[in-house]
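The numbers in the numbering used here rise by one with no breaks, and the one at position 370 of the sequence shown is 364.
Glycine included, each C-beta is placed from N, C-alpha and C at the ideal position.
Keep in mind that this is a model prediction, so the values were computed, not measured.
Okay, so here's the structure we're looking at.
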Amino acid sequence: MPRPESSLIAWLGVDEAGVAHVGGKAASLDRLARLGFRIPPGFCLTTAAFGAQLASIPGALADLEGLGDEAVRGRLIGRFETAPVEEAVARALDEAVTRLTTEIELLGGPARFAVRSSGIGEDSSAASFAGLHETELDVPPEGVTGAVRRCWASLWSAPAVAYRLRQGLALDGGGMAVVVQALVPASSAAVVFTRHPVTGRTDQLVITSVRGLGDAMVSGTVTPDTWVVDRSSLTWTEYTPGDRRNGRPGPAIEDAALRELAALALQVERGFGGSVDIEAAAAGGQWFLLQARPITTLPAETAPDVTASTSPTIVTGTADFPVAWEDPTDPSLTWDRDDMHMPFALVPLSEDYVRTLGEGFNFRYTFLGGFPQRWRCRVWNGYAYFGVDFNAPEEERPGITERWQAAMHRQVEVTEAWWRDEALPEIRRLEAGIRTIPVEELAPAALAQAWDRAWEAVRRMWEIHFIAIVGPYTAVEELADFHDALVPDAPPGEALRLIGGAPNELLDVELGVEGLARIARTHPAIKAALTTGAVSADGSRRLVQPAELVDLDGGRAFLAALDTFLEVHGHLGQAFDDLVLASWADEPAIILGQVGQHLVSPPEEAESRRLRLRAEADDLAAAVRERLAGEPEKVAEFERLLGYGRAIGSLTEVHNYWIDRLAQARIRTLSLRVGRRLVANGSFDAPEEIFYLFRDEVPAQIERPTDARPLIVARRDELGRRAKLDPPRIIGIDPGKVGADRFDGERFTSDDPRILRGTGASAGVVRGTARITLTPADFARLQPGDIIVCASSNPSWVPVFTTAGGLVTNTGGVLSHAAVVAREFGLPAVVGTGDATTRIPDGASLEIDGTLGIVRLL
């Protein structure tokens, strides 16, 4: 029967209501029910309820006028998540939940619900909003109200607002309904595309499936089984197995059930009058439809061309390195392994950390107004890969790119104030929120929620990261382009010396180490302990621990200074984006070893070196002005570029200090604290074993502890196997030879076994002993004047750069982390050699030319 538009509740398949009243998802479900398809019983809390709630919250209506402001959206989300539900809405919702609970219990099932958003325009032929609004599964009756609040609030989430911007829709979203249905106790969950989403072929369906509930598959945190199914015969022609995290062998769907599902999807397609994608769940030998929406982005249909000589090469892995595509479009992308930031196989929690930072990448495009591409992150066999795909039609990309470039230039102008007044204060609030979680005091449910909030804070820090680097890299690139056009024969990186000698946090780190060394020199016992180290039980030398200094003369004063240093800089220390790597605060012996090296061979004083580098930068700028004599317009342009480069250029590396290292340190420390609590619960034996759990497995262990030891043993063994793999540099479409940018650089090769070629990143010629340095644990082996040979580096390497003689890396260009820091320390450096850590023997004699980019084994 028709329902009045003021009605707060509409029962699916019973009460007729339009999209404006119940939203796209509920309207689609109601349509499925009326076409005779099986859906879980349930109701919709309508947009009238949303309107009543909006009107009941003080200030909320006013906030709708300022949705272009991220802070306003955040405030509005907070209001909806915390405000009490309007009285009439609360009463109607309670009555509907009670009625649905009774229905479920009469059918013999436990009352658990799926609570999902149903926005206006959602699941329509113009826009899908797939995965952009809130969905919560396995919700008990008493939890429905809270889930409804979060669904309402998700109307203004950053991804949803970005999608509306891209689709040209109103920012306020027009309202939000919420669907509440009985949770299907699924043995398997599946998604079906009735037209191939990559090739556009109408003779093929694509089905993906996992065992159990489908939220992990839809969110991309689990790799599903994937089938390509022939439309006419309903038999599969291609099958790619997915994850087996639960250890059960075989596909998630048997062949008979697969045929039934394919036939069901084609019936829905006929009912909807066009290609659809559906979500379904199997329970009790039956398929339940959970969602159906028109496919809103379809490529032109293409047939496979087996004769074309220009077909791209697709790298799909090997027997030792299998690749299971997580999305049907994945094979059509180029996936680059990020061995600059994650060169080694990752433990499960680090895999999720990488996925979390990857989630932050695309937010900058929303923040700055759109971009025709988006980044994706995948982790295969423990190794991180990033790919880029287009999210706009080809004819729209030039215009969007032009607007993006204009936004980049605007960001150059505002970054200095934005970083100081907005970004840095928010970063401090976020890290403090993680750091101050009272892990030991919270009840299990509260701790599980705090764990999830901490990961959201990390994601937000990475959103800020990818905004923060836009202005600085743009400014430095433009300055370098101007200089290199003027001086075409200048060596790589020469232009970047123009911004050298800036005071920043990296200098503060060095000054702090100098201060500790200064105190140690006044106390002979402390100096001796730091320079000679300690003796292990087996007689070998090791780094001294802080506790071993307490009773020495001057020990307490030195340790007080160390505590002050670590309070400010203790989040540094990790070589890469891997949670198993400790910060200085976690393992202060590492920084004590660097203080010892300063005592053995004092480097040039930090401030003196900074002033020297700034004087050299000023001389180089004067030379540019001399070349431009008589061209006042070009001089003015140079001064503008130089001003911005010097004002914000340091952020190309300082952001790493404040975000990369800080976010990693805080979530690692929190993980270990939670790990200690799980040890007490009997989940496993050592706090560090939490790293072998995935992020979403931790709350379950907190609230319902189980013996995770067998799982951890199996995963530790698997990590050992993965560590021996040689992962491919590229997966998916091999792009062949492509141009290099100043950050990633080019990977060079050389036929001469005694010569390596790379990019000259910091000028100077130096000879020294090669020291292969893979992690901070190797810092203790470094001697003054050694040439560091590593995969890459970051601000955690600052103390060793002050005593090293030179630097050689596998990865990077003249704007990579290693190159930027090397120039700040006047350290000759060659980056992007490709394989220096495997080709150069530890202890070999080297000569490096940081101008020409040549490394010679002597």
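Buried versus exposed call for residue i [16 or more other C-beta atoms within 10 Å across all chains shown]
i: Asp314; result: exposed
i: Pro518; result: exposed
i: Arg349; result: buried
i: Leu852; result: exposed
i: Gly72; result: exposed
i: Gln922; result: This structure gives no information on residue 922, because the portion of the chain shown stretches from -5 to 852.
i: Gly125; result: Confidence at Gly125 is low in this model, with a pLDDT of 45, below 50, so the placement of that residue should be treated as unreliable; the coordinate-derived value is given next. Exposed.
i: Asp219; result: buried
i: Glu855; result: Not covered by the structure: residue 855. The range shown for the chain is -5 to 852.
i: Phe773; result: buried
i: Lys718; result: exposed
i: Val849; result: buried
i: Ala469; result: buried
i: Gly278; result: exposed
i: Ala617; result: exposed
i: Ser839; result: exposed
i: Thr663; result: buried
i: Glu601; result: exposed
i: Gly567; result: buried
i: Ser577; result: buried
i: Gly495; result: buried
i: Ile856; result: The structure shown has nothing for residue 856, since the chain only spans -5 to 852.
Any chain D beta carbon closer than 7 Å to residue i
i: Gln539; result: Although the question refers to chain D, the structure presented lacks it and comprises just one protein chain.
Closest by C-alpha distance to residue i, when choosing among the options
i: Phe460; options: Ala439, Asp483, Ala417 and Gly494; result: Ala417
i: Val185; options: Trp221, Met170 and Val174; result: Trp221
i: Thr646; options: Tyr686, Leu490 and Arg671; result: Leu490
i: Tyr379; options: His649, Phe338, Gly393 and Asp332; result: Asp332
i: Thr231; options: Ala523, Gly837, Leu199 and Arg397; result: Leu199
i: Ala437; options: Thr525, Ser50 and Leu672; result: Leu672
i: Phe338; options: Pro793, Arg833 and Pro721; result: Pro721
i: Pro466; options: Ser112, Pro325, Glu388 and Glu407; result: Glu407
i: Val589; options: Ile653, Arg512, Leu607 and Glu599; result: Arg512
i: Val382; options: Leu29, Ser577, Pro392 and Trp369; result: Trp369
Terminal residues of the alpha helix (DSSP H) in which residue i lies
i: Leu255; result: Asp249 to Phe266
i: Glu712; result: Arg703 to Ala717
i: Phe380; result: Unbroken run through Phe380 is the beta strand (DSSP E), Tyr377 to Phe384; no alpha helix (DSSP H).
i: Ala551; result: Gly549 to His563
i: Pro466; result: Val464 to Leu480
i: Ile3; result: Segment Ile3 to Trp5 is the beta strand (DSSP E) holding Ile3; no alpha helix (DSSP H) there.
i: Ile520; result: Pro518 to Thr526
i: Val138; result: Val138 to Ala147
i: Ala830; result: Ala830 to Arg833
Residue i vs residue j beta-carbon contact at 7 Å
i: Thr40; j: Ala4; result: yes
i: Val133; j: Val172; result: no
i: Arg253; j: Leu228; result: yes
i: Trp449; j: Gly354; result: no
i: Leu656; j: His592; result: no
i: Val452; j: Trp374; result: no
i: Glu181; j: Ser203; result: It is Ser, not Glu, that sits at residue 181 in the sequence shown. Not in contact: Ser181 and Ser203 (Cβ atoms no closer than 7 Å).
i: Arg205; j: Ala176; result: no
i: Ile696; j: Ala442; result: yes
i: Leu283; j: Leu26; result: yes
i: Ser786; j: Met334; result: yes
i: Gly869; j: Gly799; result: Outside the shown range of the chain (-5 to 852) lies residue 869, about which nothing can therefore be said.
i: Ser151; j: Gly17; result: no
i: Thr831; j: Asn804; result: yes
i: Leu649; j: Ile493; result: The amino acid at residue 649 is misidentified as Leu; the sequence shows His. Cβ atoms of His649 and Ile493: not closer than 7 Å.
N-terminal and C-terminal residue of the beta strand (DSSP E) that residue i is part of
i: Phe570; result: It is not in any beta strand (DSSP E) - Phe570 carries neither H nor E in the DSSP assignment.
i: Ser227; result: Premise fails: Ser227 is in no beta strand (DSSP E) and is neither H nor E.
i: Ala277; result: Val270 to Ala277
i: Leu492; result: Counting along the chain, Leu492 falls outside any beta strand (DSSP E), and DSSP gives it neither H nor E.
i: Val186; result: Ser182 to Phe187
i: Val783; result: Ile781 to Cys784
For residue i: DSSP bridge partner residues
i: Met170; result: Gly113
i: Ile848; result: Arg751 and Asp843
i: Asp330; result: Phe380 and Ile724
i: Trp221; result: Ile201 and Tyr233
i: Phe795; result: DSSP lists no partner for Phe795.
i: Phe282; result: Ala275
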